[in-house]
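In case it helps, the numbering used here puts the sequence shown at residues 171 to 327. By construction, the Cβ of each residue, glycine as well, lies at the ideal position given by its N, Cα and C atoms. I have placed the structure first, in the form of structure tokens, so that the comments after it can refer back to it.
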Amino acid sequence: MTEKMNVESFNLDHTKVRAPYVRLVGITEGKNGDKIHKYDIRFKQPNKEHMEMDALHSIEHLMAEKSRNHLDHVIDIGPMGCQTGFYLAVLNHDDYDEILNALEKTFQDVLEADEVPACNEVQCGWAANHSLEGAKQLAQEILDRKDEWKDVFGEEA
């Protein structure tokens, strides 16, 4: 891989990262000085495992709704097409440890949820494809390995 690509994650050597982790992907500054901080929240090891779609869909809904209770200026939380993680975009917020703290609280909220928010045909484009239990399992898995979140490349790197 010698050619630099326009998409940051296409320049990331996915064979070197060690999930789970939370990585600052980049900062985009607007012409008026606002900054968007984009984070890679990696649940699964790239090219080795992935999240099942119904669980991914449900934890996406839960994270999108619950994260805003713990973190101001959330722009978006969106799944990666490879089904290994999510991107989190926040406005004018550069405190990495606070991001981790908010994510921990969000995942705790997922474990305590008794329903998936907006899981109906009016509010969701594929309402039949959800799994609250799957979302809870993903949340528990990433919380169980919280001590690894800051270590993107593992101990071997």
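When DSSP reads this structure, residue 244 sits in a beta bridge with 260. Counting along the chain, residue 198 sits inside the beta strand (DSSP E) bounded by residues 191-199. For the pair residue 216 and residue 172, the CB atoms are not nearer than the 8 Å cut-off. Using a Cβ-Cβ distance cut-off of 8 Å, the region 285-293 and the region 177-194 are not in contact, since fewer than three pairs of beta carbons, one from each stretch, lie closer than that value. Cβ-Cβ distances below 6 Å link residue 193 to 210 and 322 in the same chain, with the five nearest sequence neighbours on each side left out; the list follows chain order. Counting other Cβ atoms within 10 Å of its Cβ, residue 277 reaches 16 or more and is therefore classed as buried.
When only Cα atoms are considered, residue 227 and residue 205 end up about 28 Å apart.
Residue 295 places its beta carbon 8 Å or farther from that of residue 224. Comparing alpha-carbon positions, the option among 178, 207, 198 and 200 lying closest to residue 269 turns out to be 207.
Beta-bridge analysis with DSSP links residue 205 to 199. Judged by DSSP in its simplified three-state form, residue 315 adopts coil rather than helix or strand.
When DSSP reads this structure, residue 211 sits in a beta bridge with 192 and 256.
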